[in-house]
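According to the working numbering, the sequence shown is numbered sequentially starting from 24.
Where is the CB? At the ideal position from N, CA and C, for every residue including glycine.
Keep in mind the model is a prediction, meaning the values are calculated, not measured.
The next block holds one structure in the form of structure tokens; read it before the comments.
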Amino acid sequence: MAVIMAASCNSSNPFFEDWSTPYGTAPFSRISEKHYLPAVKEGIERQKAEIKAIVDNPDAPTFENTIAAYELSGELLSRVLGVFYNISESDATPAIQALVDEITPLVTAAEDEVFMDTGLFRRVKAVYDASEGLDREQQMVTKKLYDRFVRNGVGLDEAGQARFKEINSRIAVLSQKFGNNLLAENNAFKDSIGITVSAYPGYMSSCSDRAAREKAFKAYSSRGNHGNENDNNTIALEILRLKAEKAALLGYATPADFILSDKMASNPATVDGFLAEIMEASMRKAKEEIVDMQKIMDEEVASGLLPEGSVIEPWDWWYYAEKVRARKYDLDEEQTKPYFQADSVRKGVFTAAGLLYGISVEEAPEVEVYNPDVKAYRLSDADGSLIGIFYADYFSRSVKRGGAWMNNFREQYMDASGNDVRPVIVNCCNFPPATEDAPSLLTIDEVQTAFHEFGHALHGFLSKCRYKDVSGTSVTRDFVEMFSQINEHWAFEPEVLGCYAHHYQTGETIPDALVEKINNSLKFNQGFTTGELCAASILDMAWHKLSLEELSKINTADDVRAFEEKVCKQMGLVEEIIPRYRTTYFNHIFNSGYSAGYYGYLWSEVLDRDAFTVFEKATPVVNPELASTFRKTFLERGGSEDPMTLFRSFRGADPDPSALLRGRGLQ
Numbered sequence: 024m025a026v027i028m029a030a031s032c033n034s035s036n037p038f039f040e041d042w043s044t045p046y047g048t049a050p051f052s053r054i055s056e057k058h059y060l061p062a063v064k065e066g067i068e069r070q071k072a073e074i075k076a077i078v079d080n081p082d083a084p085t086f087e088n089t090i091a092a093y094e095l096s097g098e099l100l101s102r103v104l105g106v107f108y109n110i111s112e113s114d115a116t117p118a119i120q121a122l123v124d125e126i127t128p129l130v131t132a133a134e135d136e137v138f139m140d141t142g143l144f145r146r147v148k149a150v151y152d153a154s155e156g157l158d159r160e161q162q163m164v165t166k167k168l169y170d171r172f173v174r175n176g177v178g179l180d181e182a183g184q185a186r187f188k189e190i191n192s193r194i195a196v197l198s199q200k201f202g203n204n205l206l207a208e209n210n211a212f213k214d215s216i217g218i219t220v221s222a223y224p225g226y227m228s229s230c231s232d233r234a235a236r237e238k239a240f241k242a243y244s245s246r247g248n249h250g251n252e253n254d255n256n257t258i259a260l261e262i263l264r265l266k267a268e269k270a271a272l273l274g275y276a277t278p279a280d281f282i283l284s285d286k287m288a289s290n291p292a293t294v295d296g297f298l299a300e301i302m303e304a305s306m307r308k309a310k311e312e313i314v315d316m317q318k319i320m321d322e323e324v325a326s327g328l329l330p331e332g333s334v335i336e337p338w339d340w341w342y343y344a345e346k347v348r349a350r351k352y353d354l355d356e357e358q359t360k361p362y363f364q365a366d367s368v369r370k371g372v373f374t375a376a377g378l379l380y381g382i383s384v385e386e387a388p389e390v391e392v393y394n395p396d397v398k399a400y401r402l403s404d405a406d407g408s409l410i411g412i413f414y415a416d417y418f419s420r421s422v423k424r425g426g427a428w429m430n431n432f433r434e435q436y437m438d439a440s441g442n443d444v445r446p447v448i449v450n451c452c453n454f455p456p457a458t459e460d461a462p463s464l465l466t467i468d469e470v471q472t473a474f475h476e477f478g479h480a481l482h483g484f485l486s487k488c489r490y491k492d493v494s495g496t497s498v499t500r501d502f503v504e505m506f507s508q509i510n511e512h513w514a515f516e517p518e519v520l521g522c523y524a525h526h527y528q529t530g531e532t533i534p535d536a537l538v539e540k541i542n543n544s545l546k547f548n549q550g551f552t553t554g555e556l557c558a559a560s561i562l563d564m565a566w567h568k569l570s571l572e573e574l575s576k577i578n579t580a581d582d583v584r585a586f587e588e589k590v591c592k593q594m595g596l597v598e599e600i601i602p603r604y605r606t607t608y609f610n611h612i613f614n615s616g617y618s619a620g621y622y623g624y625l626w627s628e629v630l631d632r633d634a635f636t637v638f639e640k641a642t643p644v645v646n647p648e649l650a651s652t653f654r655k656t657f658l659e660r661g662g663s664e665d666p667m668t669l670f671r672s673f674r675g676a677d678p679d680p681s682a683l684l685r686g687r688g689l690q
């Protein structure tokens with residue numbers, strides 16, 4: 024009877040069927056919570072059988088019968104998790120959160136079983152040791168797979184492997200708990216302050232009530248730090264200790280040493296030196312910015328609006344910076360937002376891709392979406408061929424985690440029959456939804472975010488790789504942000520702006536004078552903007568440079584705060600600025616794979632700023648010929664070649680470290 028019931032369940036589970044949907048996209052209306060767990064379990068079992076077939080193959084190991092065979096394994100599991108983990112971030116209902124808690128340990132244990140399989144590793148190593156006869160993409164795929172085994176403890180003894188598995192499982196559970204707590208705290212912030220977390224910068228820039236700003240700042244900066252059921256202090260500390268123990272098992276002094284060993288930066292000392300120079304320059308600028316803001320505050324003191332002795336506090340920065348910008352650049356975001364309706368900005372993102380890469384984008388109403396807020400699009404190349412399917416999930420809601428990100432529902436790769444499987448990609452943002460009175464209108468920063476995330480999407484869409492492990496955005500963390508950040512440059516190029524920035528009420532194209540003001544102001548307030556980003560990067564590194572012994576001395580929420588204060592003082596962060604993310608809401612490093620990697624945004628920006636000078640020197644700047652070279656050099660290659668090899672091929676030189684400081688107006 025149990026077998027009959029299981030078979031009946033499987034027969035009605037859409038994950039066990041071939042999807043005869045447009046472009047093989049997920050049939051969301053047919054997928055419910057009950058389908059995920061049995062599909063994950065079945066997917067794990069099928070991959071086990073596929074791995075066993077590789078290991079038991081009596082033929083000598085070759086790339087095709089070992090590496091390529093592994094690459095094609097786990098198709099069902101990939102399909103299920105591609106849907107499930109995307110839904111878990113964008114529609115995290117209590118039922119979905121409970122499923123994540125149940126599914127994540129299963130998936131983690133299954134991955135550990137694969138990457139501690141000594142029989143499979145022997146075959147992989149045999150191919151790796153003889154990889155000189157492979158082509159470059161095959162070499163990169165083989166090395167990446169070999170390194171994954173080594174970094175997952177395949178060389179440990181039985182006891183070490185058992186402990187390694189326990190650590191991985193516990194980190195997976197804790198990371199999800201950290202994210203769930205933060206989502207609850209973000210919703211509590213909205214209930215208390217009346218705005219979403221994503222609306223915080225705009226609120227702080229425009230709120231004239233200083234007491235209200237102070238209340239909002241304290242609520243925002245203390246998320247996950249209230250000693251309640253959503254407190255993230257002990258969770259963060261346990262994650263860090265587990266990472267330190269994991270690193271020690273593999274012979275590394277700290278998590279940072281382990282994590283950076285296969286990145287472009289390669290070691291903590293390199294990252295520390297890189298960040299120190301940026302912090303020094305940004306704090307120099309920030310002190311000038313404080314002087315400018317204090318002058319305006321002093322005027323308000325003189326006019327009786329503020330009491331004597333008032334000085335700029337952290338909750339004042341956004342508000343007075345906006346006043347300085349209005350004076351210096353005659354620019355107020357209330358002037359620009361009517362030209363940046365969310366739908367128009369989305370059109371601008373697509374327009375830039377068309378002008379540069381010959382891509383056409385059409386809405387695809389035949390493709391099901393997982394939420395009414397989401398729109399689906401079909402991307403086609405200049406020759407009419409399918410590039411992929413894109414979901415735009417732009418607006419905030421209570422069940423969506425904060426921030427903005429790109430994810431794959433399906434990666435680009437070549438299947439067993441040699442067919443080019445095209446990707447299905449989503450961009451998630453937290454833009455303000457439309458109200459009864461007005462459509463969703465975006466700030467300058469939110470416009471850049473839309474272009475940023477579509478830059479990641481282009482990296483995934485334009486991939487022309489054969490293997491998933493190097494396809495699209497499957498590159499090192501300190502390289503991947505180059506492509507999202509370089510796409511930001513097109514947001515305010517006059518040729519692009521003229522195509523999409525139209526007043527939502529009058530239809531008027533954004534005036535040239537306003538465009539000039541926007542571009543002139545892009546280097547404004549960079550002491551603060553760069554400083555808070557760099558401070559978070561340094562805080563991330565500081566936590567991950569601690570050994571297990573050092574972490575054993577940090578035990579309470581007060582200890583966490585004291586450590587943060589010490590790190591901020593040592594880095595020279597002025598008291599008027601806090602890190603962009605404090606420990607208890609630093610989702611990037613405790614739940615999103617950026618551990619000892621948040622510096623990657625700045626590291627990648629050096630590459631992006633320097634590479635973009637090639638476009639700036641060209642005529643026109645929006646240059647399809649150069650974009651074609653950029654596409655072929657970077658976007659089509661994914662992780663199939665060493666990052667510096669690709670960069671030098673495009674730029675003709677090593678990256679200029681000062682490009683970031685110049686680009687941000689800090690040098």
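Coarse secondary structure for residue i, derived from DSSP in three states
i, result
"Gly156", "helix"
"Glu40", "coil"
"Ala29", "Only weak support is given to the placement of Ala29: the predicted model assigns it a pLDDT of 45, under 50, and the value that follows is read from those uncertain coordinates. Looking at Ala29 - three-state DSSP - the assignment turns out to be helix."
"Phe704", "With the chain covering only 24 through 690, there is no way to say anything about residue 704."
"Cys452", "strand"
"Thr499", "coil"
"Leu562", "helix"
"Ile216", "helix"
"Arg671", "helix"
"Asn430", "strand"
"Thr529", "coil"
"Gly250", "coil"
"Gln435", "coil"
"Glu386", "strand"
"Ile14", "For residue 14 there is no data in the structure shown, the boundaries of the chain being 24 and 690."
"Phe418", "strand"
"Ile110", "helix"
"Ser702", "No information on residue 702 is available, as it lies outside the stretch 24 to 690 that the chain covers here."
"Leu402", "strand"
"Val334", "coil"
"Asp17", "There is simply no residue 17 to check, as the chain begins at 24 and stops at 690 in what is shown."
Distance CB(residue i)-CB(residue j) smaller than 8 Å
i, j, result
"Phe418", "Ala480", "no"
"Trp566", "Leu263", "yes"
"Leu168", "Ile90", "yes"
"Leu402", "Phe474", "no"
"Gly425", "Asn453", "yes"
"Met287", "Cys557", "no"
"Leu206", "Leu122", "no"
"Asn610", "Gly202", "yes"
"Val347", "Ile313", "no"
CA-to-CA distance, residue j to residue i, given in whole angstroms
i, j, result
"Arg307", "Gly675", "33 Å"
"Leu283", "Thr499", "10 Å"
"Leu649", "Ala309", "36 Å"
"Val503", "Ser497", "8 Å"
"Phe638", "Val372", "18 Å"
"Ser198", "Phe613", "6 Å"
"Glu136", "Thr552", "43 Å"
"Ala239", "Gly217", "9 Å"
"Lys148", "Ser618", "28 Å"
Residue environment, residue i, which counts as buried when at least 16 other CB atoms sit within 10 Å
i, result
"Ser494", "buried"
"Gln528", "exposed"
"Asp416", "buried"
"Arg605", "buried"
"Gly411", "buried"
"Leu328", "exposed"
"Ser326", "exposed"
"Leu409", "exposed"
Whole-Å CB distance - residue i paired with residue j, under 8 Å assumed
i, j, result
"Ser215", "Ala242", "6 Å"
"Lys491", "Glu434", "5 Å"
"Thr374", "Cys591", "Actually they do not touch by this definition, with Cβ atoms about 42 Å apart."
"Val644", "Glu511", "14 Å between Cβ atoms; not a contact."
"Arg146", "Val78", "7 Å"
Closer than 7 Å: residue i CB and nearest the ligand FMN heavy atom
i, result
"Glu389", "The ligand FMN is not part of this structure, which contains no ligands at all."
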